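Count the sequence shown with the UniProt record's numbering and you get residues 1 to 200, in order. Okay, structure first, notes after.
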Amino acid sequence: MDEEPKESLWVRIKGRAGAGDIIAGVCYRPPDQGDRADEALYRQIGAASRSQALVLMGDFNHPDICWRDNTAEHKQSRKFLECVDDNFLLQVTEEPTRRGAMLDLILTNKEGLVGDVKLKGSLGCSAHEMVEFRILRAARRARSKLTTLDFRRADFGLFRDLLGRIPWDKALEGRGGPRQLANIQGSPPPSSGVMHPYKE
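In structure tokens, the structure reads:
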């Protein structure tokens, strides 16, 4: 099988002034797709997820994924869950779309961007339910006053380097396990704004 997935389409929906663009993707992942094509798809998803707003929909053919528990039986499905988690994507389809399985998914990188998700019966002789939803542009304008760290842009190399410079034997000398954990949790490194830039 070829390395690049053939059944995906990506478009940029131009936003009105001040609203920003939305990247929309549609994918079909064949059930027998190989690991190399999956990895290529995950690279595409990773690149698209770095945009301000992403809506990705399609039939990903992972019937063994339990979205409530975020678990899967098969290795390929677990890799897909890793891709979703690594790219901070939310899966918003809540009902099975084919024979009790949730194959047809809607993924987004912004909470509140997708709403009014409904199953609308099958189209023609398809065994899949149609999934209807709305992209809620207004939700993107709301700004949170809560400051959060942006782990996508984190400098984990710097983080490891700074942790490596701490004389842990001396810093934790004479402290029991719970006190050590409290000591570590209670004092974030002073350079955390550099290692984990703040979201804007």
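From the three backbone atoms N, C-alpha and C, an ideal C-beta is built for every residue, glycine too. Since we're looking at a predicted model, the values are computed, not measured.
- Among the bridge pairs identified by DSSP, Y28 is matched with D59.
- Sequence-distant Cβ neighbours of N109 in its own chain, meaning closer than 8 Å and more than five residues away, are S49, S51, A53, L54, N87, F88, L89 and L90.
- Taking a contact to require three or more Cβ pairs closer than 8 Å, the stretch 59–77 and the stretch 13–24 do not qualify as touching.
- Around the beta carbon of V11, fewer than 16 other beta carbons sit within 10 angstroms, so the residue counts as exposed.
- G157 counts as exposed, since fewer than 16 other beta carbons sit within 10 angstroms of its beta carbon.
- The C-alpha of A47 is placed about 17 Å away from the C-alpha of E7.
- Within the DSSP bridge table, the entry for T93 names no partner.
- Rounded to the nearest angstrom, the gap between the Cα atoms of I135 and P31 is 28 Å.
- Here I65 really is in contact with L81; their C-beta atoms are around 6 Å apart, less than 8 Å.
- Rounded to whole angstroms, the separation of the alpha carbons of W168 and V84 is 35 Å.
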